[in-house]
Every structure is written in C-alpha cells, then in structure tokens.
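Chains as they are written, first to last, in full-length UniProt numbering: chain A, 1 to 186; chain B, 1 to 186.
We put the beta carbon where it would ideally sit given N, CA and C, even for glycine.
To keep things clear, I will list the structure first and then write my remarks on it.
Protein chains: 2
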Amino acid sequence: MGRPRGFDEATVVRSAAELFSTRSYDGISMDDLVTHLGVHRNSLYKTFGSKRGLYLVALRWSLRHHIAPLVDRVAAAGDLAGALRVALGEPATEAGLNLLLMAAVERAPVDPEVADELAPVLAAFDQAARTAAGRHPDRDEQDDDGVALALTATILGLRLRARAGTPGTTIDQAGAALAHRLTRHT
Amino acid sequence: MGRPRGFDEATVVRSAAELFSTRSYDGISMDDLVTHLGVHRNSLYKTFGSKRGLYLVALRWSLRHHIAPLVDRVAAAGDLAGALRVALGEPATEAGLNLLLMAAVERAPVDPEVADELAPVLAAFDQAARTAAGRHPDRDEQDDDGVALALTATILGLRLRARAGTPGTTIDQAGAALAHRLTRHT
DNA sequence: ATTAGTCAAGAACGTTCGTTCCTAAACTCC
DNA sequence: GGAGTTTAGGAACGAACGTTCTTGACTAAT
C-alpha cells in the first residue's frame with residue numbers, strides 16, 4: 001500500500017557508488033547526490049538514513065559487485081603475472097578500485113565501520129594473490145605470503161598512480177614489466 | 001616597523017603539514033588549523049592567503065623536506081631490496097608519505113596545481129628506484145624501468161595498506177618477503 | 001612623544017553543509 | 001469511493017564552513 005517509489009534502489013546505489021568513486025566523501029554534497037541520482041532528498045533519507053548511510057551501502061555494493069569478482073579472477077589467474085594483468089587490465093573495475101582507494105586512504109582512518117568493511121576485502125585480496133602465486137616447495141612459505149601481500153599493494157599503488165595523473169601508458173608499462181619479471185622467475 | 005609576529009612561519013608550515021597528513025583536506029577545518037597551530041586566523045590568512053594556500057605551502061614543504069630526502073636515500077640504496085627497506089623502515093617519513101598518499105588520491109584529481117606538484121616527485125621516485133635497481137645487461141632495459149615503476153607503486157601501496165588498518169607486522173612481512181625475493185633474483 | 005604600520009584577538013559575514021518539516025500527490029485496501 | 005499509508009517536492013532549519021571586518025595592542029622610525 002502507499003504510493004510506489006519512482007526509482008530503483010539498486011540503480012541508485014550503483015550510481016552513488018560511481019559518483020563516490022570520482023571525488024572524496026567530503027567533496028560530494030547531498031545536493032550533488034540528489035542531482036546526479038535524480039532522486040529527491042527525502043527519498044534518499046527515507047531509504048538510507050543519512051549521507052553516511054548511503055555511502056556505506058554504496059561502498060558495500062561496490063566491494064561485492066566490483067571488487068569481489070575481481071578478487072575471484074585474481075585467484076583464478078594461475079600466476080602472479082596473470083593476476084596483475086587481470087587486476088589492471090579491465091577498465092570496468094577502475095571505479096571500484098578508485099572507491100576502494102579513497103575509502104582506504106581517507107575514510108577508514110576516521111570511520112571504523114569503513115575500516116571493518118575494508119579489512120576482510122583486503123585480506124581476501126591477499127589470499128587471492130597467494131592462490132595465484134601457487135606453492136613452490138623450494139621456497140619459503142612466508143616468502144610466498146609476503147609476495148602476495150606485495151602484489152596487492154602494487155595493484156593498489158599502480159591504480160593510485162593512475163589516479164594521480166601518471167599516464168596510462170606508463171602504468172601499463174610498469175604492469176607489463178613486473179608481470180614479465182615475475183613470470184620469468186616463478 | 002610594526003609589531004613583530006609572534007610565530008615562526010617555518011614551524012607553522014611544518015605543523016600544518018603534520019596535521020594535513022592525518023586527515024583529508026576537507027576533513028580539516030580552519031578552526032582545527034587555528035587551534036592546532038596556535039596561530040590566529042588573521043595571521044594565517046595574511047601569511048598564506050587561504051586554506052588552500054596554506055595547504056599548498058605545507059604540501060611543498062613536505063615534498064621537499066620529507067619525500068625528497070627519502071627519494072635520495074632510495075637512489076643510494078644500491079638494490080631494490082634496500083630501497084624498499086629504506087622507504088618503509090623509517091617512521092619519520094610516515095607523515096610525509098601519508099600526505100603524499102592523500103594528495104594523490106583526493107586532491108590531485110580536483111586540484112591541477114596539486115597534480116603539478118606531485119608529478120615530478122613521483123617521476124623522481126621512479127628515477128630513484130631505477131637507479132637503485134641498477135643496470136643488468138642480460139635484461140631488457142624497459143623491463144628495469146617497469147620494475148622501478150612497480151617498486152614505487154608497491155611502496156605507496158604498502159603505506160596505503162598500513163593507513164587502512166592492516167597490522168604493521170603484516171606490512172613488514174610483505175616488505176621483507178619482497179625484498180628477499182628481489183634480492184635473490186637480482 | 002607622536003606617528004605610522006603591523007600584528008593579535010575575536011566578533012561577524014555570507015554560503016554551504018547535512019538534515020528535517022510540511023504539504024500535495026499517488027497508490028492499496030476495505 | 002473514502003480511509004489509510006507511502007512517496008515526491010520544495011521550503012526551511014541550525015550548524016559549520018571559509019573568509020573578512022573591526023578593534024586594540026605593540027613596535028620602529030620620526
């Protein structure tokens with residue numbers, strides 16, 4: 001009963017995640033959200049409670065629909081070089097990684113709930129990289145774990161470089177070279 | 001002539017850089033700066049023009065006094081493993097790297113002047129990593145450049161992980177393992 | 001001693017922020 | 001076809017933002 005809502009909640013969440021991936025949390029106003037999402041203020045507050053509530057929902061959506069599949073593809077990559085190619089190759093995941101980047105840098109330190117959302121995702125990232133790396137009996141196990149952690153860091157770092165303005169060709173070069181090197185020595 | 005100023009400009013800039021390294025640009029208000037720096041509003045505006053002006057001066061100060069020396073130590077490290085240890089080992093540079101991190105992620109995309117400040121610094125970082133890696137005649141030159149780029153990305157990525165809440169021991173493990181691996185294959 | 005110039009202190013400015021209130025419209029159920 | 005309920009729309013709220021203005025304190029040169 002009651003008037004039916006004139007918007008699709010899933011669509012709104014997806015659009016919000018996209019918007020939050022372009023600028024910082026504080027850099028996006030409620031007016032921006034209202035304008036960009038085409039949904040009125042009142043509806044947003046009714047549905048998500050607050051700006052932070054909408055942000056958290058959008059973040060969780062992005063982690064689930066963008067990052068989680070990426071993690072799966074990394075795990076299935078076979079080797080570290082493939083994992084790197086998978087993580088950096090797909091432009092569709094750029095928005096998800098950007099949102100993850102900003103959540104980690106500027107939100108997690110001041111919002112414990114954001115930190116709690118990120119921790120398992122980053123751990124899963126590490127685990128996936130670990131899986132992609134495979135076991136090598138002649139190598140120290142801790143060593144492999146550490147390299148997997150470093151791979152996650154490298155993916156995020158390269159994405160950060162791209163966001164900071166480093167040309168895409170340079171990023172691609174770094175990714176390709178690292179993949180090449182990792183492959184040769186694995 | 002005139003009343004002498006009751007604060008040291010260099011000290012203020014250093015304190016501002018430290019404060020800006022803890023939270024996002026928008027997350028720090030002018031009141032926060034006035035309180036933390038112990039300098040009055042009017043003096044800050046007289047000296048730096050605006051909040052953004054103070055931020056830019058603080059950013060440049062940090063790049064020059066924290067990042068530039070770090071880049072030099074990376075270049076002098078001798079090999080990639082040493083470069084990684086140098087970059088992650090010193091807690092004194094954490095503030096500088098955090099500020100660099102947030103500047104790259106959230107300011108550079110919306111403030112061209114910040115992007116212009118960061119670009120040469122990141123390029124210098126790459127160059128230093130390139131120097132630390134050294135030349136290996138049996139290896140492709142582009143390959144070495146790419147690995148140097150990746151090292152910069154890894155340093156930033158690991159620093160990001162630390163900021164997002166990943167335990168320090170985990171970060172250290174990743175750094176040590178990567179250093180170990182790089183050393184063995186270099 | 002007076003004057004001119006700079007700085008400190010704090011009130012106050014107009015805007016913008018996130019949020020809430022109020023009313024009209026649109027639907028289901030009885 | 002009212003009654004009841006939920007949404008849409010827009011105005012309006014207090015608070016906080018970056019910035020400016022006004023006043024009084026202080027110092028150096030005249």
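Residue j beta carbon less than 8 Å from that of residue i
i	j	result
B:Leu88	B:Leu151	no
A:Tyr45	A:Phe20	no
B:Val12	B:Leu63	no
B:Thr35	B:Glu9	no
B:Ala123	B:Ala75	no
A:Asp26	B:Ser24	yes
residue 187 of chain A	A:His66	Since the displayed chain A opens at 1 and closes at 186, residue 187 of chain A lies outside it and no answer follows.
B:Asp145	B:Arg130	yes
A:Gly175	A:Leu158	yes
A:Phe7	A:Val57	no
Span separating the alpha-carbon of residue i from that of residue j
i	j	result
A:Ile28	B:Ala103	17 Å
B:Asp79	A:Leu118	33 Å
A:Ala77	B:Ser15	46 Å
A:Ala133	A:Pro4	51 Å
residue 189 of chain B	B:Leu160	Outside the displayed range of chain B (1 to 186) lies residue 189 of chain B, so it cannot be described from this structure.
B:Ala179	B:Gln173	10 Å
A:Leu97	A:Leu156	8 Å
B:Leu99	A:Arg73	32 Å
B:Ser43	B:Ala17	17 Å
B:Trp61	B:Val71	15 Å
A:Ala177	B:Asp140	9 Å
A:Val147	B:Met30	42 Å
B:Pro91	A:Ala153	19 Å
A:Val86	A:Leu101	18 Å
B:Glu106	A:Glu106	8 Å
A:Thr93	A:Lys51	24 Å
B:Thr22	B:Gly53	18 Å
Residue burial classification, residue i (beta-carbon count within 10 angstroms, cutoff 16)
i	result
A:Val110	exposed
A:Thr169	exposed
A:Arg41	exposed
B:Asp32	exposed
A:Thr186	Any reading at A:Thr186 is ruled out, since the residue's pLDDT is 46, under 50, leaving its predicted position unreliable.
Can you confirm whether the region 105-121 of chain B touches the region 163-175 of chain A when touching is taken to mean that 3 or more C-beta pairs between the two stretches lie within less than 8 Å? Yes: the two stretches touch, three or more of their Cβ pairs being nearer than 8 Å.
Return the residues of the region 91-120 of chain B that lie within a Cβ-Cβ distance of less than 7 Å from chain A, sorted by chain order. Leu101, Met102, Ala104, Val105, Glu106, Ala108, Pro109, Val110, Ala115, Leu118, Ala119
Of the residues that make up the region 128-162 of chain A, which ones have a beta carbon closer than 9 Å to any beta carbon in chain B? Arg139, Asp140, Gln142, Asp143, Asp144, Asp145, Gly146, Val147, Ala148, Leu149, Ala150, Leu151, Thr152, Ala153, Thr154, Ile155, Leu156, Gly157, Leu158, Arg159, Leu160, Arg161
Scan the UniProt domain "HTH tetR-type" (6-66) of chain A for residues whose Cβ lies nearer than 9 Å to a Cβ of chain B and list them as they occur along the chain. Thr22, Arg23, Ser24, Tyr25, Asp26, Gly27
Residues of the region 166-185 of chain A whose Cβ lies closer than 7 Å to any Cβ of chain B, in chain order: So the close ones are Thr166, Thr170, Gln173, Ala174, Ala176, Ala177, Leu178, His180, Arg181, His185.
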